[in-house]
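**Q** This is the structure I have questions about; it appears just below.
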Amino acid sequence: MTNLILFWHRRDLRISDNVGLAAAFELSPKLVGVFCLDPTILERDDIAPARVTYMIGCLQQLQQSYRQAGSQLLILHQDPRQGIPNLAAALEAKAVCWNWDVEPYSKERDQAVAAGLKEKGIAVYNYWDQLLHAPGEIFTKSGNPYTVYTPFWKNWQGQSKAQPVATLSRVESLTEIEQDHALAGGVTDLPSAIDLGYVWDNELLVPPGEKVAQEILQEFCDRTIGDYHEQRNFPGVDGTSKLSAALKFGVIGIRRVWQA
């Protein structure tokens, strides 16, 4: 077993303000990212071509960010329940880290991946990153979930908020031999949306990627946020943040948004 750490990206396609990624780097400077194109998700009826096109663009930007940091983002196109443990074993990884997800399928998938890794003797580390507070963190004084929004909101406001975490930098990558092992473990080139069967001929409403998301956030805070509560309900007014896609795919960290 080597000192290699795999970080499994899902809804966090960024290297800045990423709790799990920063924690993974603390475990070892030899760190490689991995993203798994999951057929279970991609073959759903509700997956739109624009969504896949945006996601692929974000992954292209994430690969570039990893290269600039000195490492790489590996791509799998298979069921992650087998793909992630098999890749980790092929690379003799010390551990696999990821940020929690709370969707029913995601929880079931993550449990299966964790079990597969532990069977192979590979450590698993999970972190909370997606929201400012994890589900179940804010309760009434009697310890029950809130049923009315306003008291929940007041409690939420009174809770301290975490600061953005450091951006990944100066990472050790795979050796040539390890890259061969990665290919044997199922790693493939990043396909296009068309390769995956999704054709989107129109321009995306917002460009993909972490850098663009940060620029959109800054513009919103500088120009629009003061009038948001009045303008957000009028489609003819350019009054929204345009951050929905960025938040969905996690190309911007929620702590950075709160800080802004």
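Residue numbers 40 to 299, in the numbering used here, belong to the letters of the sequence shown in order. Positions of the beta carbon are idealized from the N, C-alpha and C atoms, including for glycine.
1) Considering only C-alpha positions, which residue in the set Q198, S110, W192 is nearest to E215?
2) Please report the straight-line C-alpha distance between A299 and G265, rounded to a whole angstrom.
3) From D84 to D118, what does the alpha carbon distance come to, in whole angstroms?
4) For C136, report the span of its beta strand (DSSP E) as first-last.
5) What is the DSSP secondary structure of H48, counted as helix, strand or coil?
6) In the structure shown, what three-state DSSP assignment does G72 receive?
7) Reducing DSSP to helix, strand and coil, say where E211 ends up.
8) Per the contact definition of three or more C-beta pairs closer than 8 angstroms, is the stretch 231-250 in contact with the stretch 128-137?
9) Which residue's Cα is closest to the Cα of R90: L286, W139, D219?
10) State the CB to CB distance for the pair V204 and N42, rounded to an integer number of angstroms; the pair is presumed to be in contact (CB under 8 angstroms).
11) What do you get for F178, buried or exposed, if any count of 16 or more other CB atoms within 10 angstroms of its CB means buried?
12) Restricting to Cα atoms, I'd like to know which of P88, R50, A232, T92 is closest to P247.
13) Of the choices A284, P230, L45, I293, whose alpha-carbon is the least far from that of E65?
14) Give me whichever residues DSSP pairs with Y164 in a beta bridge.
15) Would you list the residues sitting across from T79 in a DSSP beta bridge?
16) Measure the alpha-carbon distance for D69 versus Q100 and round it to whole angstroms.
17) What is the DSSP secondary structure of I114, counted as helix, strand or coil?
18) Count the other CB atoms, across all protein chains shown, that sit within 10 Å of the CB of L52; report buried if there are 16 or more and exposed otherwise.
19) Residues in the same chain with beta-carbon distance under 8 angstroms from K157, minus the five sequence neighbours each way, listed in chain order, please.
20) Using three-state DSSP, classify T92 as helix, strand or coil.
21) N183: buried (16+ other C-beta within 10 angstroms of its C-beta) or exposed?
22) Only counting the same chain, and skipping five residues up and downstream in sequence, which positions put a Cβ closer than 7 angstroms to that of V141?
23) What is the DSSP secondary structure of T206, reduced to helix, strand or coil?
24) Looking at C-alpha atoms only, which residue of I293, C75, T189, P78 is the closest neighbour of Q202?
25) Spatial neighbours of I255 within its chain, please: CB distance less than 8 angstroms, with the 5 preceding and 5 following residues excluded, ordered by chain position.
**A** In short:
1) S110
2) 13 angstroms
3) 18 angstroms
4) 134-138
5) Strand.
6) strand
7) strand
8) no
9) L286
10) Wrong, their Cβ atoms sit about 21 angstroms apart, outside the cutoff.
11) exposed
12) Residue T92 is the option with its Cα nearest to P247.
13) Comparing Cα positions, the closest option is L45.
14) C136
15) Per DSSP, none; premise fails for T79.
16) The sequence shown places Lys at residue 69, not Asp. Their Cα atoms are separated by approximately 21 angstroms.
17) Here I114 sits in strand by DSSP.
18) buried
19) V163
20) Looking at T92 - three-state DSSP - the assignment turns out to be helix.
21) Exposed, since its Cβ has fewer than 16 Cβ neighbours within 10 Å.
22) P174
23) coil
24) I293
25) Excluding its 5 nearest sequence neighbours in each direction, I255 has C-beta neighbours in its own chain below 8 angstroms: V245, S280, K281, L282, A285, listed in chain order.
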